[in-house]
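A.B. asks: One structure coming up, written as structure tokens, with questions to follow.
Residue numbers (my numbering): 1024 to 1419.
Here's what the structure looks like:
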């Protein structure tokens, strides 16, 4: 049924006026109907099968190409990840910092200091310190600080036997100021090593909850496990509130703008408050040693009851109150005065005289402020602070 006019054909659609069509065209360029050549060609079953097989092969080729490209991309990403390590994810945490700053209105800490690990086999104090170090060390890749800041952390850890120090995202200048406080405190009280496990930047529950904070115990490893099967690990740490220490615009204001006049001892700075927190730590160290312990980091079934019973006594404030009462008696005898406990504490600072909800002096704050006074003023500290420091040094 071929209708051929020289080298041209006509469309088989009688209503189509396409005119002449090239001889080798199977379909009309105008209406899409087949030509005589197309009709003849498609009537042959082997031609239909060939077309289908060809199209199927093309689809298979495209699918195999897509799989190959996907596999190649996965292998390449894995290789880059192994080569670059956690640095590959640094841009993600850079974006997270920016988002958090937008949400909260200030810089926040990107590391977590409240991780808890369960079902871990810890068999010695050395292993306990290793997992404390691992906890924050494994998060270092999130931080954006310079190597100089990292070196400050390492120097503190090695010099004072502190398993983990993290100034993550803190400026070098600020980290150096804090290191200077720590260095001076350990020079004033060289025997206070051994019980502190962490000094870390963190996010407080509220931005102004505290500037720095001493936490005698944070149950860190296996707190929910049976002591008969898993030893436990506690942190004893000083936490630095990110709202202050990561935001230079906040710390450019005098500390009195936050805490009020004469709250801390004279000449207090944002960084010197860390000496106050180390003062709490010193009191804690003395308490532990007088009760036969060097630290509460590694907890076994043999020492668990003793540790937690002693913590209850420490938290009652009885130990600190006895020290302050002894200092008060020495003061009154030396200077022929008759100050009561509250008045004695207030000669140091308002914070030294703070009371609890039962209107009882918090003697632990009195001692911490006396140590703060000693840190700032040395031999020129107040007379009341001197009496407390004398007792502290004799016990430490």
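Where a beta carbon is used, it is the ideal one built from N, C-alpha and C, also for glycine.
Does DSSP put residue 1264 in a helix, in a strand, or in coil?
C.D. replies: strand
A.B. asks: Whole alpha helix (DSSP H) runs in the segment 1173 to 1257 with 4 or more residues, listed along the chain?
C.D. replies: 1195 to 1211
A.B. asks: Buried or exposed, going by whether 16 or more other CB atoms sit within 10 Å of the CB of residue 1197?
C.D. replies: buried
A.B. asks: Please identify the residue among 1135, 1128, 1257, 1387 whose C-alpha is closest to the C-alpha of residue 1273.
C.D. replies: 1128
A.B. asks: From what residue to what residue does the alpha helix (DSSP H) around residue 1383 run?
C.D. replies: It is not in any alpha helix (DSSP H) - residue 1383 carries neither H nor E in the DSSP assignment.
A.B. asks: Check this for me: beta carbons of residue 1247 and residue 1256, under 8 Å apart or not?
C.D. replies: no
A.B. asks: Going by the CB atoms, is the gap between residue 1263 and residue 1224 shorter than 8 Å?
C.D. replies: One thing to note: residue 1224 has its Cβ within 8 Å of the Cβ of residue 1263.
A.B. asks: Please state whether the Cβ-Cβ distance between residue 1215 and residue 1419 is less than 8 Å.
C.D. replies: Yes. Within cutoff.
A.B. asks: Can at least three beta-carbon pairs, one atom from the segment 1310 to 1329 and one from the segment 1229 to 1238, be found at a separation below 8 Å?
C.D. replies: no
A.B. asks: Hey, how far is the Cα of residue 1308 from the Cα of residue 1260?
C.D. replies: 12 Å
A.B. asks: Are the segment 1171 to 1185 and the segment 1280 to 1297 touching, with three or more C-beta to C-beta distances below 8 Å?
C.D. replies: Touching, no, given that fewer than three Cβ pairs across the two stretches are closer than 8 Å.
A.B. asks: Rounding to the nearest angstrom, what Cα-Cα distance links residue 1411 and residue 1287 in this structure?
C.D. replies: 16 Å
A.B. asks: Take every Cβ of the segment 1392 to 1405, pair it with every Cβ of the segment 1329 to 1340, and state whether three or more of those distances are shorter than 8 Å.
C.D. replies: Touching, no.
A.B. asks: Given that a residue counts as buried once 16 or more other Cβ atoms are within 10 Å of its Cβ, and exposed if not, what is residue 1258?
C.D. replies: buried
A.B. asks: Hey, how far is the Cα of residue 1133 from the Cα of residue 1265?
C.D. replies: 9 Å
A.B. asks: By DSSP, does residue 1140 sit in helix, in strand, or in coil?
C.D. replies: strand
A.B. asks: Have a look at residue 1137 and residue 1354 and give me their C-alpha separation to the nearest angstrom.
C.D. replies: 42 Å
A.B. asks: Please state the DSSP three-state secondary structure of residue 1322.
C.D. replies: strand
A.B. asks: Just to confirm before moving on: does the CB-CB distance between residue 1298 and residue 1400 stay below 8 Å?
C.D. replies: no
A.B. asks: Go through the segment 1275 to 1342 residue by residue and report every complete run of the alpha helix (DSSP H) that reaches 4 residues or more, in order.
C.D. replies: 1279 to 1282, 1296 to 1313, 1327 to 1339
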